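According to this note's numbering, the residues represented by the sequence shown are 19 to 240, in order. Beta carbons: idealized from backbone N, C-alpha and C, even for Gly. Keep in mind that this is a model prediction, so the values were computed, not measured.
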Amino acid sequence: MKYSLLSILCAWPLLGLGQVNGSLKRELDSMYVLDQRYRAYFMEYPKNQKLADSLMAAFEIKENLSGKLWKLQNHVDSLNLIRVKEIIKTHGYPGSSLVGKPTNAAAWHIIQHSPEIAVYFPIIEKAGQAGELPMSLVAMMHDRLLTEQHKPQRYGTQATCYPLKADPTKQECFIWPIENPSAVNERRKKAGFMQTVEENAKRLGLEYNVLTMEEVTQRYRF
Numbered sequence: 019m020k021y022s023l024l025s026i027l028c029a030w031p032l033l034g035l036g037q038v039n040g041s042l043k044r045e046l047d048s049m050y051v052l053d054q055r056y057r058a059y060f061m062e063y064p065k066n067q068k069l070a071d072s073l074m075a076a077f078e079i080k081e082n083l084s085g086k087l088w089k090l091q092n093h094v095d096s097l098n099l100i101r102v103k104e105i106i107k108t109h110g111y112p113g114s115s116l117v118g119k120p121t122n123a124a125a126w127h128i129i130q131h132s133p134e135i136a137v138y139f140p141i142i143e144k145a146g147q148a149g150e151l152p153m154s155l156v157a158m159m160h161d162r163l164l165t166e167q168h169k170p171q172r173y174g175t176q177a178t179c180y181p182l183k184a185d186p187t188k189q190e191c192f193i194w195p196i197e198n199p200s201a202v203n204e205r206r207k208k209a210g211f212m213q214t215v216e217e218n219a220k221r222l223g224l225e226y227n228v229l230t231m232e233e234v235t236q237r238y239r240f
């Protein structure tokens with residue numbers, strides 16, 4: 019069902035007038051748990067063979083554990099997104115004045131993991147400007163949107179992996195190119211990030227290298 023983004027954006031002044039919606043808060047908390055349900059395994063099972071074996075036994079498979087986990091998570095994500103769209107249609111973005119903290123980030127996670135970032139980013143941005151959502155999360159979604167559009171990101175939050183044009187059997191992961199990279203840490207600080215772009219890359223297991231769009235276009239197969 020289509021609805022006006024303008025009507026949603028205009029709903030923000032009303033959110034501060036009511037108390038926290040307890041039932042909606044509990045529902046979103048549960049949805050966030052589902053959002054993370056299988057994602058939590060992706061960081062763990064590659065370095066934990068016992069866990070990998072246990073998961074494969076539980077799923078009754080002998081190979082392609084990653085594919086199985088993504089299939090399950092994608093199903094959960096699709097159901098979560100349907101419900102979040104209904105919530106936004108009814109309430110506007112469910113921010114801190116409606117569901118409290120940290121539940122105000124739950125819908126953000128679900129949209130961030132969806133194929134509809136371009137549709138909902140204006141609502142996310144408005145939520146950040148209204149103080150309903152941390153601006154660091156707005157920045158992360160903006161970066162993901164720009165990365166998906168193959169444009170330079172602004173805050174250096176997004177890493178990606180692509181096969182090499184010279185050898186498609188090999189893949190490299192890197193921090194996606196950044197607009198005006200010399201000023202990125204200043205932008206990160208203003209958006210509320212505690213780490214520099216270099217520290218964030220290290221957290222992701224990468225070394226930060228300044229890349230241009232021309233360089234990645236020449237080197238990688240998208």
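Annotation for Y50: A124, H127 place their beta carbon closer than 7 Å to its own, counting only its chain and skipping 5 residues before and after. In the structure shown, T165 adopts helical secondary structure according to DSSP, grouped into three states. Your pair R172 and R205 checks out as a contact, with CB atoms roughly 6 Å apart and the cut at 8 Å. For L99, same chain residues with a beta-carbon under 8 Å away, outside a window of 5 residues either side, are I128, I129, S132, E134 in chain order.
Here Y59 carries a helix assignment [DSSP, helix/strand/coil].
When the Cα atoms are used, Q213 and N203 turn out to be separated by approximately 8 Å.
Under the three-pair Cβ rule at 8 Å, the region 110-123 counts as touching the region 42-60. Look at Q176 here: in three-state DSSP terms it is coil, with no helix or strand label. In the DSSP assignment, I196 falls outside any alpha helix (DSSP H) and carries neither an H nor an E. If you look at P140, you'll find it in the alpha helix (DSSP H) that goes 135-147. Non-local beta-carbon contacts of F60 in its own chain, meaning distances under 8 Å to residues more than five positions away in sequence, involve S84, L87 in chain order. Look at P170 here: in three-state DSSP terms it is coil, with no helix or strand label. Within the model, the alpha-carbon separation for D71 versus S200 is close to 45 Å. Sequence-distant partners of Y238 (beyond 5 residues in either direction) whose C-beta falls short of 8 Å from its own C-beta, in its chain, are Y180, P181, L182, K183, E190. DSSP lists no bridge partner for L73.
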